[in-house]
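Peer 1: Its first residue numbered 55, the sequence shown is counted upward by one per residue in my numbering.
Even for Gly, the Cβ is constructed at its ideal location relative to N, Cα and C.
Here the structure is a predicted model, which is why all the values come from computation and not from measurement.
Take a look at this one; I'll ask things after.
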Amino acid sequence: MAILVKNIKALVQVEEKPVVWRAGKEMKTLHTIENAYLLTEGKKIIDFGKMYDFNPEKLSKIKEKIEEIDATGKFVFPSFCDSHTHIVYAGSREIEYIDKIKGLSYEDIAKRGGGILNSAQRLADASEDELYKAAMERLKEMAAYGTGAVEIKSGYGLTTETELKMLRVIKALQKESPLIIRSNFLGAHAVPLAYKGKQQEYVELIINEMIPLVATEELADFIDVFCDKGFFTVEETERILMQGIKYGMRPKIHANELDYSGGIQVGVKYNALSVDHLEYTGDEEIACLLNSETMPTLLPGAAFFLNMVYAPARKMIDAGLPVALASDYNPGSSPSGNMQLILSMGCIKYKMVPEEALNAVTINSAYAMGISDMAGSIAKGKIANFFITKPIPSLEFMPYAFGSNKVEQVFLEGRRFSNL
Ligand code: NIG
Ligand code: FE
């Protein structure tokens, strides 16, 4: 199968020479071709350019069937990369949502056995098949909003058996879904009820039993820890990360959501691919991130839903850092995987200009999940994951018209994706 998209009003985020990420002032750079074409063959992008440079002879070299699409008045974007989600879960937690509206904090709810432990209870009762079907539905909805790559975490199991169950579900999704999927082992998401008052023992279980088993079954690309006030300490995080690294998993951690936890520093120390949340980021944390290979990843959906402080994105970018944005899709702090909404929040709440926010949800979030060589931009040789918008007046309209779906047609691995 080959696809030729013609007469594109603007082809966004094109790269002649692919970059791994965009940082600081460079985040305002977003290469766009007006009146463009895009050509894919098999699963890959093979060509793009100005319509008036298009040479129809190119098509004669293609042996596969070619579908031609006219995109007059429409934009084409590379699919969004959502580098931080928890979409394998059972049930929902709207009761806690009401409690939050009435004034309880995220930590209050967690302390009384709600929150992550509530999801762990429900997950224990759900079959692998139920979890798979529910997560697949979520993936389809995300794809319909323009997402083409998703990182998925475990962390609602909290026993060896249920953590492995979650990771197997992620592996099955990886196999069946046309989205690019990466898997993250988050056994250290919370201390389960059975280990209440025995946190140290739970950490030992993660290190000595869970990580080796996860590695044996090759179930995770990454290792994660919720390194924050009331969850896991820096010392515990260090030990878990070291063991994960020993077993071939790169760190990608939850840090500084609830306090200046030292999570950013420990993430950088262990060369984390990303440190995520970062609501509590000061000068010291920014200095630590500069000159590192760690992508600061912000999750505005969680700050919005929990009504908490927003990460200082503007300050971080102005200091020269790259920033990625992801949805954090999960039942407790961000029950949405709509990356168009995340794009709007990036502009409105973080004061990022549309170009910066678009880099944050494409190339930078691709880096944050280790796939910037194959996704995150329109470049020759990258996977043909892209979407065509409805007719829209401008690039800026994407974040501006928040809440409505501007995506009209989705293509994943070079094939039309149908949500039905
Ligand atoms: O990224 N912060 C920790 N973990 C999730 C929330 C999980 C939950 O509440 O179920 C997050 O926000
Ligand atoms: Fe999270």
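Which residues in the same chain as S419 place their Cβ atom closer than 6 Å to its Cβ, once the five residues preceding and following it in sequence are excluded?
Peer 2: Here the set comprises C135, S137, A378 and A380.
Peer 1: From this set, W75, I100, F131 and Y143, which residue's C-alpha is nearest I87's C-alpha?
Peer 2: Taking only the C-alpha atoms, the option nearest I87 is F131.
Peer 1: Could you pull out every residue in the same chain whose Cβ sits closer than 7 Å to the Cβ of M489, ignoring the five residues on either side in sequence?
Peer 2: Given that the chain is displayed from residue 55 to residue 474, the structure contains no residue 489 and the question cannot be resolved.
Peer 1: What residue ranges within the segment 321-388 form continuous alpha helix (DSSP H) runs of no fewer than 4 residues, ordered along the chain?
Peer 2: The segment 321-388 contains these whole alpha helix (DSSP H) runs: 337-343, 354-359 and 367-372.
Peer 1: Under the criterion of a Cβ to heavy atom distance below 7 Å, does P385 qualify as lining the ligand NIG?
Peer 2: Yes, the ligand NIG has a heavy atom inside 7 Å of this Cβ.
Peer 1: To the nearest angstrom, how far is it from the Cα of P385 to the Cα of P445?
Peer 2: About 33 Å.
Peer 1: Between the Cα of G202 and those of L93, R147, G457 and V415, spot the shortest distance and give me the residue it belongs to.
Peer 2: If we check each option's Cα against that of G202, V415 comes out closest.
Peer 1: Please list the terminal residues of the continuous beta strand (DSSP E) segment that includes V461.
Peer 2: Residues V461 to L466.
Peer 1: For T291, which residues from the same chain have a beta carbon less than 6 Å from its beta carbon, with the 5 sequence-adjacent residues on both sides left out?
Peer 2: These residues qualify, in order along the chain: V279, C281 and V320.
Peer 1: Is G169 near the ligand NIG, judged by its Cβ being under 7 Å from some heavy atom?
Peer 2: For the ligand NIG, at least one heavy atom lies less than 7 Å from the Cβ of G169.
Peer 1: A188 lies in the alpha helix (DSSP H); which residues open and close that run?
Peer 2: Segment E182 to A198, the alpha helix (DSSP H) holding A188.
Peer 1: Using the rule of at least 16 other Cβ atoms within 10 Å of the residue's Cβ for burial, across every protein chain shown, is N310 buried or exposed?
Peer 2: N310 is buried by the Cβ-count criterion.
Peer 1: What do you reckon, are the CB atoms on L450 and L84 nearer than 8 Å?
Peer 2: Residue identity check: residue 450 is Glu in the sequence provided, not Leu. For E450 and L84, no; Cβs fall outside 8 Å.
Peer 1: If you count every other CB in all the chains shown that lies within 10 Å of the CB of E333, and 16 or more means buried, which is it?
Peer 2: Looking at its Cβ environment, which holds 16 or more other Cβ atoms inside 10 Å, E333 is buried.
Peer 1: Only counting the same chain, and skipping five residues up and downstream in sequence, which positions put a Cβ closer than 7 Å to that of G78?
Peer 2: Answer for G78: I371, G374 and L375, listed in chain order.
Peer 1: Less than 7 Å separating the Cβ of D282 from some heavy atom of the ligand FE?
Peer 2: D282: no, Cβ never under 7 Å from the ligand FE.
Peer 1: When burial is assigned at 16 or more other CB atoms within 10 Å of the CB, is T126 buried or exposed?
Peer 2: It counts as exposed.
Peer 1: For the ligand NIG, is there any heavy atom lying closer than 7 Å to the beta carbon of D382?
Peer 2: The answer is yes for D382.
Peer 1: Rounded to a whole number of angstroms, what is the C-alpha to C-alpha distance between K82 and V407?
Peer 2: Answer to the nearest angstrom: the Cα atoms are 7 Å apart.
Peer 1: Let's test the definition: count the other Cβ atoms within 10 Å of the Cβ of V322 and tell me whether it reaches 16, buried, or not, exposed.
Peer 2: Looking at its Cβ environment, which holds 16 or more other Cβ atoms inside 10 Å, V322 is buried.
Peer 1: Which residue marks the beginning of the beta strand (DSSP E) containing V407, and which one marks its end?
Peer 2: Neither: V407 is in no beta strand (DSSP E) and is coded neither H nor E.
Peer 1: Relative to the alpha-carbon of D153, which residue among I402, L360, I62 and L343 has its alpha-carbon at the smallest distance?
Peer 2: Out of I402, L360, I62 and L343, L360 has the C-alpha closest to the C-alpha of D153.
Peer 1: In chain order, what residues of the same chain have a beta carbon less than 6 Å from the beta carbon of M303, not counting five sequence neighbours either side?
Peer 2: Excluding sequence neighbours, M303 sits near A274, F276 and I277.
Peer 1: What did DSSP end up calling S419 once you bin it into helix, strand or coil?
Peer 2: In the structure shown, S419 sits in a helix (DSSP, three-state: H, G or I).
Peer 1: As a quick exercise: from Q67, V74, E70 and L93, pick the residue whose alpha carbon is nearest that of R469.
Peer 2: Answer by Cα proximity: L93.
Peer 1: For the candidate residues S159, M399, G284 and S346, whose alpha-carbon lies nearest to that of Y314?
Peer 2: Here the closest residue by C-alpha is G284.
Peer 1: Looking only at its chain, what residues have a beta carbon closer than 6 Å to the beta carbon of V288, apart from the 5 residues adjacent to it on each side?
Peer 2: The residues are G316 and V320.
Peer 1: Taking H140 as the reference, give the member of T270, Y256, V204 and L65 with the closest Cα.
Peer 2: When only C-alpha atoms are compared, the closest one is V204.
Peer 1: Give me the residue from H243, Y421, D337 and I170 with the minimum Cα distance to P480.
Peer 2: With the chain covering 55 to 474 only, the question about residue 480 has no answer from this structure.
Peer 1: At least one CB of chain D closer than 8 Å to the CB of Y199: is that the case?
Peer 2: Included in the structure is just one protein chain, with no chain D present.
Peer 1: Count the other CB atoms, across all protein chains shown, that sit within 10 Å of the CB of K187; report buried if there are 16 or more and exposed otherwise.
Peer 2: So K187 ends up on the exposed side.
Peer 1: Inspect the beta-carbon positions of A43 and E150 and report whether they are closer than 8 Å.
Peer 2: Nothing in the structure corresponds to residue 43, since the chain is present only between 55 and 474.
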